[in-house]
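Below is one structure, written out as structure tokens; comments come after it.
Residue numbers (the numbering used here): 51 to 427.
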């Protein structure tokens with residue numbers, strides 16, 4: 051033993067308890083004896099193997115040499131078997147020692163596995179919650195945009211209704227209605243104003259399907275959206291403007307010109323309402339995206355590694371399914387196989403190649419294959 055190894059041995063012994071050091075001392079004597087016997091056996095086995103090799107080194111040349119060669123071969127095979135048995139008598143002792151030492155590893159594996167699985171379970175639960183937070187955030191954005199768009203659409207519908215009704219009333223007044231006098235105009239305006247009342251402007255937004263957002267949270271989102279204006283008041287104001295007595299009397303005197311101008315004003319008003327709606331919808335998307343982000347991942351915590359594996363019972367029917375899937379995707383699968391000889395291709399190789407495709411593209415699938423998602427640290 052070298053001086054360095056001796057020092058290592060001494061350093062190791064210093065870490066042992068007195069009881070353990072006693073055992074080490076006793077074992078050392080045993081191993082010294084075993085080491086000496088092992089070395090002697092090694093020399094003897096080398097001599098025996100050299101003798102066997104030398105005995106069969108001269109090859110038979112002609113048929114007459116065969117009887118002696120066969121006898122030699124039989125004899126040396128027996129010698130070889132004795133050689134193997136002598137070697138096993140020694141190595142079996144080391145096998146037992148190896149198994150005894152390995153038993154410590156076997157004890158660690160369940161503990162490490164349980165510890166790892168606990169970490170995976172905690173991280174999986176955390177990632178599930180994080181995913182729910184993200185999904186809820188996306189749902190809030192969709193709901194906000196939808197509610198704002200509904201309010202904008204309702205606003206456009208109401209304003210269009212007001213514009214078209216006033217336009218029709220104006221055309222009738224200057225045409226078939228022949229509303230010329232101030233008294234007739236006042237009575238007519240009152241009639242027009244009664245054409246639209248509060249029940250004609252009821253805002254009732256459709257409630258979306260709620261997945262992560264609660265009823266209470268939805269109510270808050272609904273309340274946060276600016277409700278449409280008082281459309282009855284707006285309607286009355288627009289009617290009053292359109293039928294302002296002085297302006298109307300001038301229009302009555304120039305009916306054709308007034309109707310042409312009114313037609314253009316109506317078209318412009320409808321176009322403006324449509325353009326305003328488009329602009330508001332763009333603004334709604336930006337406003338919805340401005341929803342405050344939730345807390346991100348915990349620092350130092352790496353995401354779980356997720357992959358897919360084929361989860362199918364090992365039988366002939368499933369082997370054929372896998373074989374068919376491999377053949378159907380041969381051009382993609384074969385480059386992922388690491389085998390030196392084509393005839394070594396197995397169902398196991400095919401499974402690995404199909405799993406590789408699935409892990410590269412989650413959308414990849416073949417009818418009959420059953421997948422399971424696996425998470426690892």
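Using N, Cα and C, we set each Cβ at its ideal position, and we do this for glycine too. None of these values were measured; they are calculated from a predicted model.
- Counting along the chain, the unbroken alpha helix (DSSP H) around residue 374 starts and ends at 366–378.
- With a beta-carbon spacing of about 15 Å, residue 422 and residue 355 fall beyond the 8 Å limit used to define contacts.
- Taking C-beta atoms under 8 Å as the contact rule, residue 403 and residue 386 qualify, at a distance of about 4 Å.
- It is roughly 17 Å from the alpha-carbon of residue 256 to the alpha-carbon of residue 250.
- Note on residue 304: under 16 other CB atoms within 10 angstroms of its CB, so exposed under the neighbour-count rule.
- In this structure, DSSP gives residue 259 a state outside helix and strand, which the three-state scheme calls coil.
- About 6 Å separates the Cβ atoms of residue 195 and residue 335, confirming a contact at the 8 Å cut-off.
- Counting only runs of 4 or more residues that sit fully inside the stretch 172–258, the alpha helix (DSSP H) segments are 232–243, in chain order.
- Our two residues, residue 280 and residue 200, have alpha carbons roughly 16 Å apart in a direct line.
- Contact between the stretch 94–113 and the stretch 121–138 is established, with three or more Cβ pairs separated by less than 8 Å.
- Under the three-state reduction of DSSP, residue 293 is assigned to coil, being neither helix nor strand.
- Assigned with DSSP and collapsed to three states, residue 112 falls in coil, not helix or strand.
- Spatial neighbours of residue 170 in its own chain (CB-CB distance under 7 Å, excluding positions within 5 residues in sequence) are listed in chain order as 354, 425 and 427.
- For residue 78, the enclosing alpha helix (DSSP H) starts and ends at 68–105.
- Residue 391 sits in coil when the DSSP states are folded into three classes, being neither helix nor strand.
- Residue range 397–410 is occupied by the alpha helix (DSSP H) that includes residue 406.
- Here residue 400 is buried, its C-beta having at least 16 other C-beta atoms within 10 Å.
- Excluding its 5 nearest sequence neighbours in each direction, residue 174 has C-beta neighbours in its own chain below 7 Å: 354 and 425, listed in chain order.
- The straight-line gap separating the alpha-carbon atoms of residue 314 and residue 266 is approximately 47 Å.
- By a beta-carbon distance limit of 8 Å, residue 189 contacts residue 263. Their separation comes to about 5 Å.
- Nearest to residue 234 by C-alpha distance, out of 298, 78 and 182, is 298.
- DSSP places residue 424 within a strand segment (E or B) once states are collapsed to three.
- Ranking 242, 309, 254 and 269 by CA distance to the CA of residue 282 puts 242 first.
- Taking all protein chains shown into account, residue 146 has fewer than 16 neighbouring C-beta atoms within 10 Å of its C-beta and is therefore exposed.
- For residue 359, the enclosing beta strand (DSSP E) has its first and last residue at 355–360.
- Cβ neighbours of residue 420 within its own chain (closer than 8 Å, five residues either side excluded): 360, 361 and 362.
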